[in-house]
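This report refers to the structure that appears directly beneath it.
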Amino acid sequence: MTPEPTTGSGAVPDGGHSLLDRLAEHPPPGPFRARAWRSPIRGPWLTSVLGVVLLVGVPLMFVTGLLSYTAYNPGLHGNDMTPAKGWLGFYLFHWPTRPVWLYRLTQGLHVSLGLVLVPVLLAKLWSVIPKLFDWPPVRTAAQALERLSLLLLVGGAVFEFATGILNIQLFYAFHFSFYTAHFYGAWVFIGAFAVHTALKIPTMVSALRSRSLRSELRTGADATEPEPLDDHGLVSRDPAPPTISRRGALGLVGAGSAALFALAAGQSIGGRFRRLALFAPHGQSLGPGPNDFQVNKTAAERGIDSALTGPAWRLELRGGSAPLSLSRDDLLAMAQHTYRLPIACVEGWSTVQTWTGVRLADLARRGGASGATSVLVESLESQGDFRQATLRRNQFLDPRSLLALRVNGADLSLDHGFPARVIVPANPGVHNTKWVSRMTFA
Ligand SMILES: Nc1nc2c(c(=O)[nH]1)N[C@H]1C(S)=C(S)[C@@H](COP(=O)(O)O)O[C@H]1N2
Ligand SMILES: [Mo]
15 MTPEPTTGSG AVPDGGHSLL DRLAEHPPPG PFRARAWRSP IRGPWLTSVL GVVLLVGVPL
75 MFVTGLLSYT AYNPGLHGND MTPAKGWLGF YLFHWPTRPV WLYRLTQGLH VSLGLVLVPV
135 LLAKLWSVIP KLFDWPPVRT AAQALERLSL LLLVGGAVFE FATGILNIQL FYAFHFSFYT
195 AHFYGAWVFI GAFAVHTALK IPTMVSALRS RSLRSELRTG ADATEPEPLD DHGLVSRDPA
255 PPTISRRGAL GLVGAGSAAL FALAAGQSIG GRFRRLALFA PHGQSLGPGP NDFQVNKTAA
315 ERGIDSALTG PAWRLELRGG SAPLSLSRDD LLAMAQHTYR LPIACVEGWS TVQTWTGVRL
375 ADLARRGGAS GATSVLVESL ESQGDFRQAT LRRNQFLDPR SLLALRVNGA DLSLDHGFPA
435 RVIVPANPGV HNTKWVSRMT FA
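Just so we're aligned: the sequence shown equals residues 15 to 456 in my numbering.
Given below as structure tokens:
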């Protein structure tokens, strides 16, 4: 008699399935157990309502963010903060100078929306958190792919909101360039967002149809019933008694968003609203004097010594027919023009002031460079990303574009850029260079 042959593979009959099933029967303790998630309001309807808000808000943030990048004129030499952007710069266009409030609007929207959406994002993540602890973590290849895309989605969202908020709070805790990281992060986030939206739209539509928003808004905690069990695993199989209604939860999110809006948006809107902007480091007005408005980077912070800005200061004009060197008195002797124009910072704050000075177009003409396509403006600072900016022809030719010498009827203060600073309509604040020392036309 010969014994039956035994093979290794025969030792585990019907391997895959029963292993997964057995795994599924024994989740690790804590959040991996379905019992850990018992809120009776969690379900596809609530998730979808929050999802709709993000579906409107996130694309608006993405577009205003892309506009902000284009407003920097990254195609001009010396301006690009993300030189490796490659084809991600496909959409770049020449940023206009009108309407003068354009950047104020797009960047104010970008930053205000970013803050207002924080409670919505947190609530959305709360609403789907049982999925994070799905057990077993993956069952099929398709599910593994889906979870990977969710990692990019949630990771991208958290990264974009966190870096944005740290930036507007002037908290540079990270050792990478905010601009570059926020730009690439945005593309990762929006890619994952688009995939997620495409996959979830059908679920979202049917979930939204399953209940009426109106009647939810009339239902208190006592009458709150769980949604019917779903195949996504959001609805608890063992719901706890309600402690808050869906109306209450949505109200909480709305109140959080409204509070953030009230505490921050004044920095962009201005007027009486500005006094409320307690959450914004540059939100408040500083007092009544002509130069008492927000300062970003004081002269002391940037190492500007009053010795550099004294009578020996000269504005060098280069790149034209002959190099020129002008004193402040020479500039004051040229035609002076006055315009009310905003400074609008990438951080979302803005302020409108009345500037007086020489037209950049007149300087181009005086320097024999009227035909130039761009001008590199440099400051007295010896280093730093903000010491220079390149302006495009449409910017320096706009009659309202000034090399400002005075503001609100007084000489510029040292903090606002004395002896001379650039003010160009619709220009991002950071390109309105202070303490200008040289302009090189090209
Ligand atoms: N030379 C120089 N110019 C500069 C800066 C700077 O750091 N150095 N900061 C810029 C930024 S980020 C902004 S928002 C505006 C703010 O102008 P303000 O301080 O007069 O309000 O100045 C811009 N001009
Ligand atoms: Mo700025």
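All residues carry an ideal CB built from backbone N, CA and C; glycine is no exception.
Chain-ordered, the residues whose CB falls short of 5 angstroms from any heavy atom of ligand 2 come out as N310, C359, G443, V444. DSSP, reduced to helix, strand and coil, places V267 within a helical segment of the structure shown. Assigned with DSSP and collapsed to three states, T368 falls in strand. Secondary structure of R118 (DSSP, three-state): helix. Counting other Cβ atoms within 10 Å of its Cβ, A434 reaches 16 or more and is therefore classed as buried.
Under the 8 angstroms Cβ criterion, the segment 316-323 counts as touching the segment 393-404, having at least three qualifying pairs.
Between P150 and A38, the gap from beta carbon to beta carbon is short of 8 angstroms. Counted as a single uninterrupted DSSP element, the stretch harbouring V249 is not any beta strand (DSSP E), since DSSP gives it neither H nor E. Remark: the shortest separation between the CB of R316 and any heavy atom of ligand 1 falls under 7 angstroms. DSSP places H210 within a helical segment (H, G or I) once states are collapsed to three.
Of the other Cβ atoms in all chains shown, fewer than 16 fall within 10 Å of the Cβ of A212; this residue is therefore exposed. In the pairwise beta carbon analysis, the segment 189-204 is classified as touching the segment 166-176: at least three pairs are separated by under 8 angstroms.
Buried is the label assigned to H445, since at least 16 other Cβ atoms lie within 10 Å of its Cβ. In this structure, T404 lies near S388, with their beta-carbon atoms less than 8 angstroms apart. The continuous alpha helix (DSSP H) containing P144 extends over residues 143-146.
In this chain, the beta strand (DSSP E) harbouring A403 covers 402-406.
With a cutoff of 7 angstroms, T404 does not count as near ligand 1, since its C-beta is closer than that to no heavy atom of the ligand. Closer than 7 angstroms to some heavy atom of ligand 1: that does not describe the Cβ of N408. Below 8 angstroms, too few C-beta pairs join the segment 181-192 and the segment 162-169 to call them touching: fewer than three.
Ranked by Cα distance from H296, the options F455, W369, A278 are led by A278. One Cα belongs to S451, the other to T312, and the distance between them is close to 17 angstroms. Residues T387 of the same chain have their beta carbon placed closer than 6 angstroms to that of R407, with the five preceding and five following residues left out of the count. Under DSSP, the beta-bridge partners assigned to F455 are V389. Leaving aside the five residues that flank V168 on each side, the residues in its chain whose CB is nearer than 8 angstroms to its CB run, in chain order, L139. Three or more beta-carbon pairs separated by less than 8 angstroms are not found between the segment 357-366 and the segment 412-423, which leaves the two stretches without contact.
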